[in-house]
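K.L.:
Below: one structure in structure tokens.
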Amino acid sequence: MIVFEKPKALTDVPLHYCPGCTHGIIHRLVAQAIDNLGIEGRTIGIAPVGCAVMAYDYFACDMIEAAHGRAPAVATGVKRAMPESIVFSYQGDGDLASIGLCETVSTAARGENITVIFVNNAIYGMTGGQMAPTSLPGQVTQTSPYGRDVATQGYPIKICELLATLEAPAYLERVAVNNVKNVNRAKKAIEKAFRNQVEGKGFSLVEVVSACPTNWGMEPQQALDWVQDKMIPYYPLGVYRDKEV
């Protein structure tokens, strides 16, 4: 009996991510959802600019590389041109919540029938640890060495709360991958977001609160603890929109 195996929707290419980075966990959850729904042959993923820029190497489905922040717009075009396809974007907080915020909000407002996986690790990872739109108040980064000052740098953008003010989104949930319990919840949420698209229910986004040990300057376990102690209190987990409920 097989108890544990690599999802078929993941390739055999070694991941390039830093030790302790949770992108690998999230990749696995996306691939498991694709496997469980039997949709690999008609799935098209949109890779971002950021740490996951090479996601096209890791998923066995068709992949497209989008310009920085434009993944939702590219996903919209693909889905409208090929409505039978299952289209997902995989984006970090710099890609989705900064340069791509307009595309994100507009795509959600139109209720495009796509799936968005949003990785929130509160920092720009690939470019060296600058402050991101999701960096916490007081968080030290390369561009906020004394901590994020909300008086001059504003407050973090809470994507699920923001999109929940719109009429069109079908499903919005924030999850985390810092422990087994939360990983299991994230797995269910990601699969639901894909199933919604299969069933034609409209725009679904899953925000995944994640760790970045390298740019946070922490050991991997410290980073997971920081997610629990600092990030989750500011970014509460849960369902922010589910039109089925």
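All the letters of the sequence shown, read from the start, carry residue numbers 311 to 555 under my numbering.
Think of the CB as a built atom: it goes at the ideal place given N, C-alpha and C, for glycine as much as any other residue.
It should be emphasised that the depicted structure is a prediction, and the values quoted were computed from it without experimental measurement.
#1: Three or more beta-carbon pairs under 8 Å between the region 327–339 and the region 478–491, yes or no?
#2: With a threshold of 16 other CB atoms inside 10 Å of the CB of F314, please say whether the residue is buried or exposed.
#3: How big is the Cα-Cα spacing for L473 and F513?
#4: Shortest alpha-carbon distance to C412 belongs to which of A370, I469, I335, V549?
#5: Please return the same chain residues whose Cβ sits closer than 8 Å to the Cβ of V460, not counting the five positions on each side in sequence.
#6: Pick out whichever of G360, T386, G379 has its Cα sitting closest to the Cα of H333.
#7: Report yes if the CB atom of A432 is closer than 8 Å to the CB atom of D403, and no otherwise.
#8: For a test of the three-state rule: what should DSSP assign to E477, helix, strand or coil?
#9: Could you pull out every residue in the same chain whose Cβ sits closer than 6 Å to the Cβ of L534, ignoring the five residues on either side in sequence?
#10: Can you tell me whether I396 is helix, strand or coil according to DSSP?
P.N.:
According to the structure data:
#1: Judged by Cβ distances under 8 Å, the region 327–339 makes contact with the region 478–491, as three or more pairs qualify.
#2: Under this definition F314 is an exposed residue.
#3: Computed Cα separation, rounded: 11 Å.
#4: Distance check between C412 and each of A370, I469, I335, V549 places I469 closest, using alpha-carbon atoms only.
#5: Contacts found: P447.
#6: The option with the nearest alpha carbon to H333 is G360.
#7: Yes, the Cβ-Cβ distance between A432 and D403 is below 8 Å.
#8: E477: coil per DSSP, three-state reduction.
#9: These residues qualify, in order along the chain: N488, A521.
#10: Here I396 sits in strand by DSSP.
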